[in-house]
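Take a look at the structure set out below.
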Amino acid sequence: MLLNQFLLLAAALFAIGVYGVLARRNGVLVLMSIELILNAVNINLVAFSAVRETVDGEIFALFIIAVAAAEVGVGLAMVLLLYRNRRSIDLTEIDLLRG
Amino acid sequence: MENLLDGWGLTVATFSPMVGVAVMLLIPRDQEDRHKLVALVTSLWVALVSVLLLIEFDIGHTDRLQFAVDKVWIDVISSHYSLGIDGISLPLILLTVLIVPLCIVYSWNHFPEPHNPKAFLILILVLETGMVGTFAAQDLVLFFVFFELVLLPMFFMIAVWGGPNRRYASLKFFLFTLFGSALMLVSFLALFFLTGAESFVFTDLADAVAAHGVSRTAQLWIFGGMMLGFGIKVPMFPFHTWLPDAHTEAPTVGSVILAAVLLKLGTYGFIRIAIPILPEAAVEWAPWIGMLAVIGIIYGALSCLAQTDMKRLIAFSSVAHMGFVMLGISTLTDFGINAAVMGMVAHGLITGMLFFLAGSVKERYHTLEISRLGGLLVQAPRMGWIFGLCVMASLGLPGLAGFWGEFPAILSAYSPANGVPVETFRTFMVIAAVGTVLAAGYLLWLLQRIAFGTPPEEFADDPHITDTSREEWIAWAPMLALIVAIGVYPNLVFRLSDGAVDASLHECLTVNASELTADQAEALGCADVYNISVGDGHGGDADHAAAGG
Amino acid sequence: MSVELLTLAFERPPIDWHAFAPEITLLSVGALITLVDIVFLEKARPYTAALAGLGVLATLIPILTLALDGADRTMFGGAYVVDDFALVTKAIFLLSGYVVILLSTNYVAEGDYWENEYYGLLLASLMGMVMMASSRDLISIFVALELLSIPAYLMVAWRKSDLRSNESGLKYYLMGVFASAVMLYGMSLLFGVAGSTQLTHIAEALNGAGSSVSVITMGIVFIVAGFAFKVSAAPFHTWAPDVYVGAPTPVTAFLAVASKAAGFVALLQLVYVGFYMRPEVFEPLIWILAAVSMTVGNLIALRQTNLVRLMAYSGVAQTGFIIAPLAVAGHSGAIGDQALSATLTYLAVYAAMNLGAFAVIITLARRSGSAEIESFAGAFHYAPAMTVAMTIFFGSLAGIPPLGGWFAKFEVFRVLATAGEPWGYALAVVAAVNTVIALYYYAAVLLKMWAEDAPEGDHLPVPFTPSLTSALAICGGVTLLFGVVPQVVARFTHVSLLALGS
Amino acid sequence: MTELLTLAASTATGLPLGITEGGSWLLRNAWLIPFLPGLSFVGILFFGKRMPRGGSELGVAFVGLAFVLSLLTAAAWIDHRDNFEGEEVHRAVAVAVAEHGGESAEGHADEGESAEGHVPGHPSLGVHNTVTWFEMNDVAFTVGTLVDGPAVMMLVVVTLVSLLVHVYSTEYVAGDRRYTHFFAFLSLFSASMLLLVVSENTLQLLVSWELVGVCSFVLIGHWWEEKPNSDAALKAFLTNRVGDIGLIIGVAILFFTVGSALPGQFGSFSIAETNALAGTGQLSHTALVVASCCLMAAVMSKSGQFLLHTWLPDAMAGPTPVSALIHAATMVVAGVFMIARMYGVFFEGFSIGGSSINLMALIGGITTLIGACLAFVQRDIKKVLAYSTISQLGYMVMALGVGAWTAALFHLFTHAFFKACLFLGAGSAAHAVHSFDMKSDMGGLRKVMPHTYRTFVIGSIALAGLPPLAGFWSKDEIFVGTGGWGLFGGTGGNGAYTFMLVMGVTTAALTAAYMTRCVYLTFFGEFRGHGTPHESGPRIVVPLWILAGLAIVAGFGNLPKGLPLVPESLQERFGHFVEPVASYFPGISHGTPSWSLATASTLVVLSGIAVAGWYYFVKVEAASKAAGESLTELPDGLTTKYPLARMGHTFLVQKYYLDHLYTDVIAGGTKGPVAAAAYKIDQDVIDGVVNAAGENAVKAGNLVYHRFDQLVVDGIVNNSGRASSGAGGELRKIQTGKVQDYAAILFASAMVLAGVLIVIV
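Chains P, Y, S and X, in that order, are what the protein sequence lines are. Taking the numbering used here, the leading residue of the first sequence gets 6, the next gets one more, and so forth. Taking the numbering used here, the leading residue of the second sequence gets 462, the next gets one more, and so forth. Taking the numbering used here, the leading residue of the third sequence gets 1463, the next gets one more, and so forth. Taking the numbering used here, the leading residue of the fourth sequence gets 4, the next gets one more, and so forth.
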C-alpha cells in the first residue's frame, strides 16, 4: 500500500492549510485554507479506510464533506455581512474587541 | 424537654437565626423597628436554647459528646450531619450566643452608616448560624461549611458598614481567610483519603489515623496545611496582617464579633481537629507553633506601642493575646489547652468589650486618634472606669478573666507534653512573660492617654460627649459581670473544659514519662516522637532530670 | 470483513423510538417554530419564546421516562448510547437551555431583529448538544459538534448591524472551524490506528497498540485541543473574551454554559470511553490545561473592567477546575468514576451559578445599558435583591460554603487528593491558590455593588420582568439547594462511563 | 528528737508539712479578715456616693472590724503556738526521698539543735484551711489561708496601719472630687494585702500580689488630671510588672519542680509543700537557685530594691496617706514578706547559712546604702522618706539574706509603725503648708504644729535607731544576725557576714544624719513658705500619736535574750510567736546579742546625729542669723547640687573649712558630691535605663510596625497581589483582538503540547 505517501500528502495539505489560515489576510482565502485542512483529513480517512478495509473512513469523509458545505455557507454569509458593514474583509483590521 | 433537646437542641440553636433571617426577608425594609425586634427575639431565643443546653449538659462527663446528632448528609463523600458539644465547644457556643444579642442591643439606636438595619441584622444572624455551627459540628466537611459560612457576612459587614478604607480591608480579610481554608480543605481531604476513614466525623478520622498509621511525612504535611488554615484565622504571626486592617475598618459590632468569636474559630480548630486527630504531627510542629506564638506575643505588643489609632492598637493586642492562646495550645498539655480555652473566652469578652468601648468613643469624639483624645474619665467617668477595668483585664490582672488565659499558658510552657522540646519551651515561657510587661505597657499607655488627663480643648465643651447610655449598659453589663465572675471563679470555664481537653489529648502526650515502668511504656506503644523510651526507664529519667534542672 | 459490514450497512438498523424521543421532541418543536414563523409571521412573535420554552420542558418528559425506565440503550452498534450519563447531561443541557430562553425573552423582544429565527437556532444548537450526550462514535460526535456550533455562530452574529457582533461572530466562526479542522485531523489519525470510528473500538486499539505511540499521542492531543477550544480552556481560550463581549448577552450565557458543557461532555466521553487506557497521554495533557486555565484565566480576570469579559476569563478559570479531576482519572477505575461524577457535579453547579450571574448582569445592564463594572456600583442601594443574588452566584463561583460552588470545588479537591499522587496534590495546591486569586475579582465586583455609591446618586429601582425573575429564582434556588443539600446533585451525577468503556 | 520524728514520718507516712487542718475557729477562718475590706470595697463602689460621708464610714467600719478580728486572731495564735496539740498534715512524696535521706538528716540536725528551745510536743503548726478553687487535670487548685506567726503579725500590722490611715484620710482628702473612689480603693488595697498575707499557695500569692499592685497604680494616680501623677502611676505599675516576670517564672518553676517530687500530680502551688520539700533537699538545687533568682526579681521591684527601686520615689505623687500605707508600711514589704514566706526555697536556693555572700544579702546591702545616700539630697520631704524606706527595706532584705529571719520581720514590724508615723507627720505638715518642699516652703513648724513636730521627732529617733525606741531593737538584731561582729564575744548566727555588717552600720550613721537634716529643715529655723500654717485636726493627730506611741514601745516586743532586768518570759516574745518552727520552715540559728555591738551601733548613730546636728543646728543656724533669713544650707557650703560647675569654688571652700569641719569631710563629702553623684546615677543611669527601656520598646515597636509589619509582612501579601495583577496585565496583551493571532496561539499550543507529550510518553 502506498499509505505513507497519502499520509504525507495529507500532512502537506494540512500544513499548507494551516499556513493559509494563519497568514492570509483575506477572509475568503482563510475559508479556503480551512477547506484544505478538511480535505487533508478526508485523504487521511480514505487512505486509512482503504488500508483497514472498512468503510467507516469513507463514511466519515462523506459526513465531513457535507458538514463542510454547511459551514462554508455560514462562513461566506458572515464574511458578506462583515463586508456590508465594514467594506473590507481584511481580517487583520477587525480588532474592535481585545484585551 | 430533655429528649427534645437531645435530638434537636443543637440543630435548633444553629438554625434558628436562619428562621429569623427568613422572617426578616419578608418584612419590608423601612419597618426598622420590626426588624430589630425580630433579630433580637431570634438571638435571645438562641441564647435561651443554649442556656437550656447548658442546664441539661452533663457536667460530670464533659469529655463526652452530648446532644449528639449523627445523620448521613452527603452520602457520596461519607459526610455526616453530625453535631454535638462537649466541654470545649460549650463555653464557646455560650460566648457566641451571648455576644450576638448584646451586639444587636448595642446597635439598637445607632446603626453605622449607611444604616439599613435590615441587611445589617440579617448578616449578624447569618454569622450566628455559622459560628454556632462551627463550634457544634463534629464532621470535618460540616465544620468546613460552617467555618466558611461566616466569611461572607463578615466581609460585607466590613465592606458596607466599615470605615474609609473598608474596601481594602474587607478584601484582605476575605482573601487571607479563603487562602487558608483552601489549603486547609486540601489537608482535610488528604487526611480522609490517606487514612481511609469511614467518614469525615472527627472520631472516625482520629480512630483511622491511630489504626492505620498515616506516614509521618504525610501527617506533617497535613498538619501544616491545617495550621495555615487555622493559623490565618487565629491569626498567628506572620499571617496576621489582615486583622488590624479588618478591625480598624469594621463597624463596632463587626469588630466585636470578629474579636470575640471569629478569631476563636481558628484556635478551636487546632484544639478540636488538628491536635486530636494528628497528635504525632502536633508534637513535631509544636515548637514551631510555639515559636510563632511567642513571636506573635512580642511582635503584637511592639506593634501596639507604635499605634496612633485606638482601634488599631486593640486589634494588634489581639495578635499578642492570641499568641498566648497559641502558646498554651502548642504545649499540647491539658494545662496549656485549658488555658487556651480560657484564653479564648476571656479574650472574647475583654477584647469584645474594648472594641465596644472604642466604638462608643468614636461615636462621641468622631475620632480614634489617640493623640487627640484624653480625659475620658472627666467627661464620661463611668465609661472611663469601665475602660480602665477592661484594660486591666486585658493586661492579665488576676481576679479578672484575662489572667486565667495568660498565666496558665505561661505556666504550661515550663513543662510541655512528651516529645516537645522542654528547653525550647522554657525559653518561650520567659519570652511570653516579657510579653506581659509589654502588654501592660501599651495598655496602660493607652489608658493614660485616653482616660487620664484633662479633655483636649476641641472636645472640652462638646455636648455630644455623654456618659454611658442605656443601650450601652445593657450590652456591656453582662460582659463586665462575666469578666469579673470568671476572674474570681475560673472554674466556671475550667470545669467545663478540663475533662474534654483531657480526653482530646493522646495518651502518650500526657502520660508522665518519669513514672512509667518499662511494661507500661511498652503497653502504650507510643511512637518515637513522644520520646518515651520503651524497654528501659532511663529515657524517662533523663527527661525528668531535665525537667528538674 | 468489509463484505459483512457492507451487508450490515444495508439493513435498517433497529431503532429504539423511546430512546430517541427527546431528540424527536426537540426537533419537532424546532420545526414547529419555523413553521409558525413562516405561516403567522409577525403575529407569532409573542408566542415563540413561550413555545420554545415549553418545547424544551416537554423534551424533559421523555428524559424523565427514560430515567425511570433505567435500562441502558445502545444503538447503531454502540455509536449512540442512552445511559445515565447521557440522560443526566441531556437534562443539564435542556435546563440550561430553558433558562437561556427565559433570559433571552426580553432581550430578544426588545431588539430590532427577527425573533423567531433566534429560537429556531437556539433549539437547533440544543439539539446538537442533546445528541452529543449520546454520541460514542467519532462521526456522531463530529456531527453533533457541528450541529451545536453552526447555529451558535449565527446567534453570536445575530445583531446584524452591530460591528462588534459581526466581529465576534466571525471570530468565533473562524476559530471554531479551524479548531474542528485540527480536531478532525486528530480524529483521522486515531481512525488510522484503530480502523474504526467507534470509541469502544478505539479504546481496544489504543490499549493494544504499541508501535504507533507518537501518532496516537498526536491524535489525542489534537482531538483534545479541539474540545479544549470548545470549553475555552487556556491556551485555547483566546476567542472567548472577544466573543462573549460582542455577542448578545443571553447568547453569551448560552455559550458560557450550555455550549461549554457540551464540550465537556464530549471530552468526558472521549477520555473515558476512548482514551482511558492511555492515561500517560491524557493525564499530563489535562493537568497542563487545567493548571494553565486556572492560572491564566484568573490572572487576566484580575485586570478586567467589563463584567462580561470578566465572566469570560472567570469561565476560563472555572474550566480549569472542571477538567482538573480528569488529570488523575486514569489512576484507577474507582478514581475514574469519582472524577467523572466530580466533573458532572461541577458542571451542574456551574450551569446554575453562571447562568444566575448572567441573569443578574442582564437585568442590571438593562438599566444602565453597560456591562462595565463601574456601572454596577452601588447596586445594593437600588437593587438589593439583585445584589444579594449576585452575591450568591459570585460567592458560589468562588466556592464559599454553603453556596453550591463549594461542593463542586470540594469534589474536585477530593478527587485530586484521593488519587494520592504527588501531581494530584500539586494540582490541588494550584487550585487552592487560584481559588484565592479568583476570590479577589469576585469580591471586588461584589464590593463595588455593596460598598460604593451609585454613580451620580442614581437610585431608580430596576425594572423586573417575570422571565428574568423566574430565571433568577431557578438559578438561585438550585445554587443554594446544591450547597446545603449536596446530596441532591451528587445523587444524579454519580454515574459511570467506564462500565461501557472497559 | 525532732530529727528522729521527722525521719520516721518521712518513711512511714510521707513528708510532714508542719501544718494542721485543726486549730481554733478564728485561725481556721482567717479568710474573714481580707473578706471584710473586700466587702467594704464592693459596698463603697455601689453605694458609696449615696452615703452621707461618701463611703468612708464603710471603709473605716469594716477595716476596724478587721483590725479587731486580727487582734483576736493574734490572741488565738498566741494560745495556739504553745498549747495546740493536733494532727500534722503529711504528704506522700516520690520515691526519690531515700536517695536524699542523708542530706535531709543533716539539714534537720541543725534544726534539732536550734529548735531545742521550744518545748517538744508543741510543734507550732501553721493552721491551714483551703477550698478548691478550680480543678484541672485532676489537680485541685486551692485557695485558702495559712495562718502562722508571720501571717498573724502581718494581719495585725496591716489592719492597724490601714485603720489609722483610713481615719487620717477622712480629714486629709476631705473635699476631694474622688473621695469615694479613694476609700473604695483603700479598702480594696487592704483586702488584697490581707489576702496576700494569708496566702496558702503561690498562685494566690501571685494574684494578691498583682492586686495590690493595681491598687497602688490607681492610688498613685489618684490625681490623674496631672500628667506627672499618671506617669508615676504607670512607672510604678510597669516596673512592678518587670519584677512580676520573675514572680511568674519563679512560681512556674516551683510549681513543676514540686510536682516532680509528688507522685500522681504534675504540680503544686502549696507554699507549705514547696518549703517542706525544699527543706528536705528533695528538689533539684538548680531549680531552686533559678526560682530564687526569679523570685528575687519580683522582690526587687515590689520592695524597691536597688536597680528596680526608682518607681518608689516617683510613687510619692500619690496622696500622702497612700504613701504611708502602701509605700511605707505594707505593700512595699510584700516582697520581704514573700521571702519570709518562701524562706525554705530561698534558704536552699541561695545557700543562706554559709558565709558566702549571696545575691539577696548583697542586693539588700547595696540598697540600704544607696537609699540612705540619696535621702540626703532631697528637697521634698516625702522623697526623703521614700529613699529612707528603700534603705530600710534594704535592711530587711539584707537581714533575710544573712539568715536573720526574725530580725528582718521584727524590723518590718517596727518600721511599719515609725515610717507610717513619719509619712503621716509629713503629710500633716504638708497639709498645713500645701507643699512638700522642705527648703522653700517649710521650716520652723515646731512652733505651730507641736503634735506633728513631736510625733515626727519620735518617729525620726526610732528610725535612726536610738535606744530604747523601736528602731534600735530591730536594727540591732539585724546587726547581730549578720554574725559579723567579732569583738568582745562573737555573735554566731548563720555565718559571718562582716561586709553586710559594715554596710548596715554605715547606713545607720547616714540614716541618723539625714533624719536630723530633715527634722531641722522642716521644723526648725523660720517658716519659709506662704500663709499661716496651723496644726491639723484630731483625725490626723490621733493616728499620729498612736503610731508614735507604737514607735516607742514596739521594740519591747522582742527584747534580746539575756537582757538583764527583764524577766525571761518577756524576752524574744516576737521571735517565739512569729518565727515558725515547723517542717515548712528551714532550721535557722540565731545569733547571740552582744552588748559591745549594741553600744557601738548606738555610738555610730549618735555620731551621725552629732555631725549633722552640728552642721545644721550650729553652723546653718548661725549663718541664718547672719543672713537674716532662714537658710537651709551654708551659702558657701559643700551641698551644692552641681559639683562639677563649681568645682573650683568647692575646692577652695573645702580647703578653707578643712580644720573646722573635720567631720564634714565624711558627712559633707557623702552628702555633697557622692550623694549628688549617686542621685545623678540614680536619675540618669538607672532611671535612664528604665526610661530608655521604655522608649526603646516604643522605638522597637515603631520599627517593627512601620518597617517590618507594614513593609515586609504586609508587603509580601500586597506585592504578591500586585504581582498577580501585573502578570494579569501582561497576559492580557496576548489578547490582541486579531483572530489570526488567536488561531496561531491555538495551533502552536496544540503542536507544542503534542510535541512535548510525544517526547515524554
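Built from N, CA and C at the ideal position, the CB exists for glycine as well. Remember, it's a predicted structure, so these values are computed and weren't measured experimentally.
On the three-state DSSP scale, how would you describe residue i?
i	result
residue 910 (chain Y)	helix
residue 570 (chain Y)	coil
residue 1085 (chain Y)	With chain Y covering 462 to 1010 only, the question about residue 1085 (chain Y) has no answer from this structure.
residue 57 (chain P)	helix
residue 1628 (chain S)	helix
With a threshold of 9 Å between beta-carbons, can residue i be considered close to chain Y, or not?
i	result
residue 1917 (chain S)	no
residue 1871 (chain S)	yes
Throw me the rounded Cβ distance for the residue i and residue j pair, which I believe falls under 8 Å.
i	j	result
residue 338 (chain X)	residue 297 (chain X)	Not quite, the Cβ-Cβ distance comes to about 13 Å (not below 8 Å), so this is no contact.
residue 304 (chain X)	residue 242 (chain X)	5 Å
residue 1662 (chain S)	residue 1540 (chain S)	5 Å
At a Cβ threshold of 9 Å, is residue i touching chain X?
i	result
residue 951 (chain Y)	yes
residue 101 (chain P)	yes
residue 79 (chain P)	no
residue 1641 (chain S)	yes
For chain P, find out if any of its Cβ atoms is closer than 9 Å to the Cβ of residue i; answer yes or no.
i	result
residue 703 (chain X)	no
residue 755 (chain X)	no
Three or more C-beta pairs closer than 8 Å, one from the region 1751–1767 of chain S and one from the region 1779–1793 of chain S: is that the case here? Segments in contact, yes.
Can you confirm whether the region 211–224 of chain X touches the region 263–281 of chain X when touching is taken to mean that 3 or more C-beta pairs between the two stretches lie within less than 8 Å? no
Stretch-stretch touch, CB-based, cutoff 8 Å, three pairs: the region 140–154 of chain X with the region 580–599 of chain X: yes
Which of the residues in the region 38–61 of chain P, read from start to end, lie with their CB under 7 Å from any CB of chain S? 39, 42, 43, 45, 46, 49, 50, 53, 57, 58, 59, 60, 61
With three or more C-beta pairs closer than 8 Å as the rule, is the region 800–811 of chain Y touching the region 770–789 of chain Y? yes
Name the residues in the region 865–878 of chain Y whose C-beta lies less than 7 Å from a C-beta of chain X; which are they? Flagged, chain order: 868, 871, 872, 875, 876.
Assess, as a yes-or-no matter, whether the region 1674–1684 of chain S is touched by the region 76–86 of chain P under the definition of 3 or more beta carbon pairs within less than 8 Å. no
Would the region 175–191 of chain X count as touching the region 817–830 of chain Y if we require 3 or more Cβ pairs under 8 Å? Contact annotation: the region 175–191 of chain X does not touch the region 817–830 of chain Y, with fewer than three C-beta pairs closer than 8 Å.
Touch test, the region 6–14 of chain P against the region 1600–1618 of chain S, Cβ-Cβ under 8 Å, three pairs minimum: no
Return the residues of the region 1593–1619 of chain S that lie within a Cβ-Cβ distance of less than 8 Å from chain P, sorted by chain order. 1600, 1601, 1604, 1605, 1608, 1612, 1615, 1616, 1619
Listed in chain order, which residues of the region 1662–1695 of chain S have Cβ atoms closer than 7 Å to some Cβ of chain X? For the region 1662–1695 of chain S, the set of positions with a beta-carbon nearer than 7 Å to some beta-carbon of chain X reads 1675, 1676, 1679, 1680, 1683, 1684, 1687, 1691 in chain order.
Please confirm if the region 1913–1928 of chain S is in contact with the region 1791–1809 of chain S, defined as three or more CB-CB distances below 8 Å between the two stretches. no
Tell me whether the region 1552–1561 of chain S and the region 1721–1729 of chain S touch, counting them as touching only if at least three CB pairs, one residue from each stretch, are closer than 8 Å. yes
Are three or more beta carbon pairs between the region 1910–1922 of chain S and the region 502–515 of chain Y nearer than 8 Å? The way I'd put it, the region 1910–1922 of chain S doesn't touch the region 502–515 of chain Y; fewer than three beta-carbon pairs between them come closer than 8 Å.
Validate contact between the region 1934–1945 of chain S and the region 1844–1862 of chain S using beta carbons, cut 8 Å, 3 pairs: yes
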